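Heads up, the thing below is written out as structure tokens.
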Amino acid sequence: MITNATKRKRYVREVKPTWWKKLDFYKFYVLRESTAVPTVWFCLVLFYGVISINSHTFSTHFINFLQNPLVIILNIITLGAVLLNSFTFFNMAPKMINLIVKNQRVSPKLLSRLFWIITAFFSLLALILV
Numbered sequence: 001m002i003t004n005a006t007k008r009k010r011y012v013r014e015v016k017p018t019w020w021k022k023l024d025f026y027k028f029y030v031l032r033e034s035t036a037v038p039t040v041w042f043c044l045v046l047f048y049g050v051i052s053i054n055s056h057t058f059s060t061h062f063i064n065f066l067q068n069p070l071v072i073i074l075n076i077i078t079l080g081a082v083l084l085n086s087f088t089f090f091n092m093a094p095k096m097i098n099l100i101v102k103n104q105r106v107s108p109k110l111l112s113r114l115f116w117i118i119t120a121f122f123s124l125l126a127l128i129l130v
């Protein structure tokens with residue numbers, strides 16, 4: 001096997017661990033992507049609730065678990081993370097949708113408002129039914 005030896009050093013660009021702290025856009029991007037962590041918490045709580053229903057300990061164990069102050073605080077943080085994620089998604093998605101009605105592109109602001117109206121409607125419907 002033949003190898004080519006070179007005397008030049010390979011260029012390796014230095015990337016510091018805090019590269020994302022330089023621009024506000026990157027900070028917000030990291031914040032938005034980190035909303036996945038509280039979502040994992042919510043999935044675990046939901047899974048524990050399903051297990052509690054199956055083992056008939058929902059009213060004793062699961063309700064007591066949800067009333068724990070630490071769980072309440074974590075759920076409020078999760079709600080904030082989900083709202084941030086929804087807000088950024090509802091503002092970005094309409095810009096990527098190419099919806100044409102009567103040979104004119106539908107305004108991204110209109111689509112964003114429509115997303116929020118649909119979300120509010122189904123949220124109110126869930127609150128009324130549950």
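Each step along the sequence shown adds one to the number in UniProt numbering, with nothing skipped, and position 110 is 110.
Using N, Cα and C, we set each Cβ at its ideal position, and we do this for glycine too.
What you are looking at is a predicted structure, and each value in this text was computed from that prediction instead of being measured.
The segment 80 to 88 and the segment 48 to 65 do not touch, with fewer than 3 CB-CB distances between them shorter than 8 Å. The residues P94, K95, in chain order, have a CB closer than 7 Å to that of P108 in the same chain once the five nearest residues on each side in sequence are set aside.
When C-beta atoms of the segment 67 to 74 are compared with those of the segment 102 to 117, fewer than three pairs fall below 8 Å, so the two segments do not count as touching.
One alpha carbon belongs to A126, the other to A120, and they sit about 10 Å apart.
Restricting attention to beta strand (DSSP E) runs no shorter than 3 residues, the segment 68 to 99 encloses none. DSSP, read as helix, strand or coil, puts V101 in strand.
When rounded, the separation of the alpha-carbon atoms in K21 and K27 is 6 Å.
In the assembly as shown, T78 is a buried residue. Its beta-carbon has 16 or more other beta-carbons within 10 Å. Bounds of the alpha helix (DSSP H) holding F65 are 63 to 66. F115 and R8 have their C-alpha atoms roughly 56 Å apart. Under the three-state reduction of DSSP, Y26 is assigned to helix.
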